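Encoded as structure tokens, the structure appears first; notes follow it.
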Amino acid sequence: MSSTPAFDMVLFGATGDLAMRKLLPALFEAHCEGALHADGRVIALGRALPGRQQYLEQVEREARPHTRDRAGQAQWADFLQRVECLALDAESDADFVALAAALGAPQPQRATVCYLATPPRLFAPICARLAAVGLNHAGVRVVLEKPLGHDLESSEAIHAEVGQYFAENQIYRIDHYLGKESVQNLMAIRFGNVLFEPLWRREWIDHVQITIAEELGVEARGAFYDRTGALRDMLQNHLLQLLCMVAMEPPATLDADAIRDEKLKVLKALRPIGESEVDGRTVRGQYRAGAVAGRPVPGYRQEAHVDPESRTETFVAVRAEVANWRWSGVPFFLRSGKRMQESLAEIVVQFRGVPLALFGVPSSAQSANRLVIRLQPDERISLHFLVKEPGDAMRVRASSLDLDVQSASRGRRAGAYERLLLDVLRGRLGLFMRRDELVAAWKWVEPILERWQLEGSPPKVYTAGTWGPAASSALLSRDGASWHEES
Ligand code: BG6
């Protein structure tokens, strides 16, 4: 793997959960792979940052358990040498002067990355102060973490403010799903094979299902989650990005903007869900106590830092449509939930039925042909079809061709954050969201958010450890379809 340019990775929020669980472990992995330039520093910032020694002890305690511990103590110690510490209050001008001094004068070949792993209300003040001390020169990239706003207006406010100080090509908006190897593979499957292209359209596809299900509940994030909910946390970003990967037209090149232009066209083609249609095209659920993997778990309203009367959804399902020539009339069913029966992310492409049923299988709109792309926990592709049952009679049964993508490829699979951090250091924008993509996504979900805010549409309760409320099955059955695990 080629090495990054020399760099300074400036980590705002360096004592936080994201830095400890994802960013530092990802940087460590990249370090072990030899992907980081020898002259690369991680500058940890925080308001109440302890001294370096104490900070490194915290990193040892909180970040190291999240690394794949194949590397020995020597490599870990070597990595820690990259880490420097600076106490910085995001609201203190003087602290930014000190930061600029620590970074020194801009050097043409050196990347300066400011990773804002902070609450979004700090994005604008941090960017303004970076600019005030000259830390918005062309060599500086700024990385923004989710949530990028609460609705269209707040998201636009963030982008407008950040946009005052940084050019669009300096802004890296993270959706970590785009960094997943399996999501990258979707592009390869679609655009590297001629096989699917003729079938990848309304004439042959009955519907598409995209699921991201988690066994986990809200863990220690009750306060954040209760303000957010599944629609903002998962659908507005991850699920819509996956939908774009399935529905987009082939880009002319793999350039960042060529790919993002195609994704944007999909988002803009999403048929708007009018407020009067929201109840019929969406399902909103909240889990009550149940059991997940044989272990009893409390209900959402009993979780720490969650309002006992909360109406926040922990499950969302939506029937979307992409109104263009390729997809008109094909439903895209999207769903995501916490405390589901299984943790998995998958895309199911259900093909239409054969024109004439010759084999006694009742003719229906759907055929046995279904392509299942499992993104996680394992990466698999299965193509389902009918084969003849051996024997005298001409009977058929369902069978599948299965490809275990993981064991079929030998290379090491980088984690999503590792991949994305390396891309930022190398200045590759393709896997990051552009401002107009976010605007289009917020515009589409906003009528749903507005309808859900009204009294009289509380979430439907489902038992933890199931696949969500019964209404979720009904959403598909109206189109003669059923979720993958039900059929
Ligand atoms: C995050 C959400 O963006 O994605 C979390 O905020 C969710 O609530 C997580 O658990 C899921 O990501 P992954 O990579 O574990 O599927």
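Residue numbers (numbering that gives the first Met the number 0): 0 to 486.
C-beta: ideal position from N, C-alpha, C; glycine also.
No experiment lies behind these values; they were computed from the predicted model shown.
Distance between ALA76 and LYS459, taken at the CA atoms: about 50 Å. ALA101 carries a helical assignment under DSSP once its states are collapsed to helix, strand and coil. Remark: C-beta atoms of THR14 and GLN57 approach each other more closely than 8 Å. For GLU180, the CB contacts under 6 Å within the same chain, skipping 5 residues up- and downstream, are ARG412 in chain order.
For PHE122, the enclosing alpha helix (DSSP H) stretches over residues 122-131.
In this structure ASP92 is exposed. Its beta-carbon is surrounded by fewer than 16 other beta-carbon atoms within 10 angstroms. Inter-residue distance for GLY298 and ILE42 is about 40 Å (C-alpha atoms, whole angstroms).
Around the beta-carbon of MET393, fewer than 16 other beta-carbon atoms lie within 10 Å, marking it exposed. Check the Cα spacing between HIS149 and each of TYR461, LEU448 and ARG220: the tightest is with LEU448. For PRO250, the CB contacts under 6 Å within the same chain, skipping 5 residues up- and downstream, are ALA257, ILE258 and GLU261 in chain order.
Here the distance from the Cβ of LYS21 to the nearest heavy atom of ligand 1 is not below 7 Å.
The three-state reading of DSSP puts GLN57 in helix, counting H, G and I together.
Its Cα nearest to that of ASP278, the residue PRO446 stands out among ARG128, ALA34, PRO446 and GLY191. HIS149 has its Cβ no nearer than 7 Å to any heavy atom of ligand 1.
The beta-carbon distance between VAL193 and VAL348, rounded to whole angstroms, is 16 Å. This is too long to meet the 8 Å contact definition.
In this structure, ARG172 sits near LEU437, with a CB-CB distance shorter than 8 Å.
DSSP, reduced to helix, strand and coil, places GLN349 within a strand of the structure shown. Ligand 1 never approaches ALA212 closely enough for any of its heavy atoms to be under 7 Å from the residue's Cβ. Along the length of the region 244-283, whole alpha helix (DSSP H) runs at least 4 residues long occupy 255-268 and 277-280, reported in chain order.
If you draw a straight line from the Cα of PHE350 to the Cα of CYS84, it is about 55 Å long.
Distance from the CA of GLU59 to the CA of ALA18, rounded to the nearest whole angstrom, comes to 12 Å.
Listed in chain order, the non-local C-beta contacts of VAL291 below 7 Å within the same chain comprise GLU214, ARG338, ALA463 and GLY464, local neighbours out to five positions each way being set aside. Within the chosen limit of 7 Å, ligand 1 reaches the beta carbon of LEU215 through at least one heavy atom. Cβ-Cβ distances below 7 Å link ALA439 to LEU263, LEU266 and LYS267 in the same chain, with the five nearest sequence neighbours on each side left out; the list follows chain order.
Cβ neighbours of GLN108 within its own chain (closer than 6 Å, five residues either side excluded): PRO4. For MET8, the uninterrupted beta strand (DSSP E) segment begins and ends at 6-11. Beta-bridge pairing by DSSP links THR210 to ARG334 and GLU345.
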